[in-house]
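Following the numbering used here, the numbering of the sequence shown begins with 1 at its first residue and continues without gaps.
Virtual Cβ for every residue (Gly too), placed ideally from N, Cα, C.
Bear in mind the structure is a predicted one, so any value in this text is a computation, not a measurement.
First comes the structure, then the notes that go with it.
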Amino acid sequence: MANELTLVKPVALPTQSAVATVYESMNLADAFAIQLPLGTSTDPGVLWRFLISHQPSWIGWLINVRDAIVACFGLKTAKHLATLSSEAKADRIGIFKVYGKSETEIVLGEDDKHLDFRLSVLRTPDLSPTLGGQLTVSTVVHCHNLLGRAYILVIAPFHRQVVKASLRRAARIGWPKAVTR
């Protein structure tokens, strides 16, 4: 049963997010939010690393299926993007290139021949003294061609389930604590 700290809810794309205006036209724009407990890290990069390192195992299977299909079209695979992460000069977290960082948000993404996407991990404070703020994961996509639009049509339902399941699992495991100095 979901409680306040494991409930993932769809929300409007946050206007204060850097991804809200990154593309003139978007073929996909969604955002999902979860309440954070008091004492959780305020660093969006730390929260994102935790989120992707504790994903449900079925997500890895889905990525393998996706990679097998998209490789036939000459698109970037997760395996290829992971090799880019190992380069010393690469500013990446996992398979995602880092496009921007602030105290409250990290923007990640990738550009490919069929589409470009940006993903925002935005932590906003909470006015309640008993809660640790809200984490919102937003995704925006701009397609370049028919292949991109077809890809988004097929992937979007899976994408939404992956984001929601990842947020729920991280909440159940327990978010990383804030570093005290």
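R160 and R118 have their C-alpha atoms some 15 Å from each other.
Straight-line spacing of the CA atoms in Y23 and S128 works out to 34 Å. DSSP, read as helix, strand or coil, puts G133 in strand. Taking A18 as the centre and dropping the five residues before and after it, the same chain places the C-beta of G100, E105, V107, S120 closer than 7 Å to its C-beta, in chain order. A71 and L62 have their C-alpha atoms some 14 Å from each other.
Here R172 is exposed: its Cβ has fewer than 16 other Cβ atoms, across all protein chains shown, within 10 Å. The beta carbons of L153 and S138 sit no closer together than 8 Å. The three-state reading of DSSP puts A31 in strand, counting E and B together. Scanning the stretch 36-108 from its first residue to its last, the whole beta strand (DSSP E) runs of 3-plus residues come out as 96-101. If you draw a straight line from the Cα of Q55 to the Cα of S166, it is about 5 Å long. For P157, the uninterrupted alpha helix (DSSP H) segment begins and ends at 146-173. Secondary structure at V141: strand, using DSSP grouped into helix, strand and coil.
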